[in-house]
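Asks: Everything in the first sequence is counted per the working numbering, starting at 2 for the first residue and increasing by one. Every residue, glycine too, gets a C-beta built ideally from N, C-alpha and C.
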Amino acid sequence: MPELPEVETIVNQLRSKIKSKMIISLEDFDSSMVDTRIKDILPVKIENVFRRGKSIIIELNNGHYLLTHLRMTGYFQHFNKNYSKEPFLVAKFGLNDGSVLAHYSIRKFGSIKLVSSNELEVVLSKLGVEPLSKQFTLEHFNELLLKKQKSVIKSFLMDQSLIAGIGNIYAIEVLYLSGIDPQRKIISFSSPEIKKLYNQIKKVLQLAVEKKGSTVDNYVHVEGSGGYQNLLTVYGKKVCPKGHEVKKINLGGRGTYYCPECQR
DNA sequence: AAGGCAGCCTGTAAGC
DNA sequence: TGCTTACAGGCTGCCT
């Protein structure tokens, strides 16, 4: 749910709100999701906030990092004043300017870990290329595909160790816009199809970042809702933009929408 | 080795 | 009407 565009949006907004501030307290936290050692290093200054794949990384000035993953239902809120405790609160960080950074999670799948730079490096090294970076070239995409000839294309797109940041919704949307059936094996792809797919990955993610993500179910970024949900073609739809009936199947354990007419 | 899938969790929607 | 079941989904870890 929060995929690359949503996480990118959250990170940009968090950076503008909390960078250079001090965390002075941690309260009301759920120790099953939040690393309790964070309390031991307070107060600590926030040097920066950045994203890698779907992870949010808060860089501290003591050489450590807060590594956060929202999974499906996690979100952050920042309160300059008028903070009030709401359901699903996982952690409440008090900052030195009197503001509050609150982290919530309905399904409690996420986590906030305290890691050293070495530990961070180990985690991040398992992630694949950033699809919006200049490292993600058509040549690189071809190399990845070549290694996974037997894989189903949708599973490939969602494999974080190959390309970092694409989840169920954007995989579905990219495949529709590329005219490719999500069940197809990579070995069957022609080079024009690969090029089209490559271009759509960049285009869809870039546009979704500009729209501040998609608000589906309970995703909200720090300042409100996204706008890309209005551009979705087949995800959660009954009919595709050309008026064909959309089919829903289970692929790799995930609900997968596609148009059998438009996608071959 | 690598692919497949249960489990984690809880709210919502569908089904009986 | 009210209970039960299915589903949503990213990722880890276990199993084959």
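Distance check for residue 210 and residue 23, CA to CA, integer angstroms please.
Replies: Their Cα atoms are separated by approximately 28 Å.
Asks: Let's test the definition: count the other Cβ atoms within 10 Å of the Cβ of residue 175 and tell me whether it reaches 16, buried, or not, exposed.
Replies: Classification of residue 175: buried, given that the 10 Å Cβ count is 16 or more.
Asks: With which residues is residue 28 paired in a DSSP beta bridge?
Replies: In the DSSP output, where bridge partners are listed per residue, residue 28 has 93.
Asks: Mind checking whether residue 8 and residue 57 have CB atoms under 8 Å apart?
Replies: Yes, the pair counts as a contact, with Cβ atoms nearer than the cut-off.
Asks: Round the Cβ separation of residue 103 and residue 35 to the nearest angstrom and send it over; I've been treating them as touching at under 8 Å.
Replies: Their Cβ separation, rounded to whole angstroms, is 12 Å, which puts residue 103 and residue 35 out of contact at 8 Å.
Asks: So is residue 148 buried or exposed if we call it buried at 16+ other beta carbons inside 10 Å?
Replies: So residue 148 counts as exposed.
Asks: Say whether the stretch 228-241 touches the stretch 181-195, bearing in mind that this needs 3 or more beta-carbon pairs closer than 8 Å, one atom from each stretch.
Replies: Too few Cβ pairs lie closer than 8 Å, so no.
Asks: Give me, in chain order, the residues of the same chain whose beta-carbon lies closer than 6 Å to that of residue 156; leave out the 5 immediate sequence neighbours on both sides.
Replies: 253.
Asks: If you scan the stretch 84-144 from start to end, which runs of the beta strand (DSSP E) of 3 or more residues do you find wholly inside it?
Replies: 90-96, 101-106, 112-117, all fully within the stretch 84-144.
Asks: The beta strand (DSSP E) that contains residue 19, what's its start and end?
Replies: Per DSSP, residue 19 belongs to no beta strand (DSSP E); it is in the alpha helix (DSSP H), 5-19.
Asks: Which two residues bound the contiguous beta strand (DSSP E) that contains residue 59?
Replies: Run containing residue 59: 56-61, per the beta strand (DSSP E) assignment.
Asks: Count the other C-beta atoms from every protein chain shown that fall within 10 angstroms of the C-beta of residue 69, then say buried if there are 16 or more, exposed otherwise.
Replies: Looking at its Cβ environment, which holds 16 or more other Cβ atoms inside 10 Å, residue 69 is buried.
Asks: Taking residue 81 as part of the beta strand (DSSP E), name the residues at either end of that continuous run.
Replies: No beta strand (DSSP E) holds residue 81; DSSP gives it neither H nor E.
Asks: Can you list, in chain order, the residues of its chain whose CB lies under 6 Å from that of residue 48, leaving out five sequence neighbours each side?
Replies: So the list reads 60, 62, once near-sequence residues are dropped.
Asks: On the DSSP letters alone, give me the boundaries of the beta strand (DSSP E) that residue 48 sits inside.
Replies: Unbroken beta strand (DSSP E) run through residue 48: 45-53.
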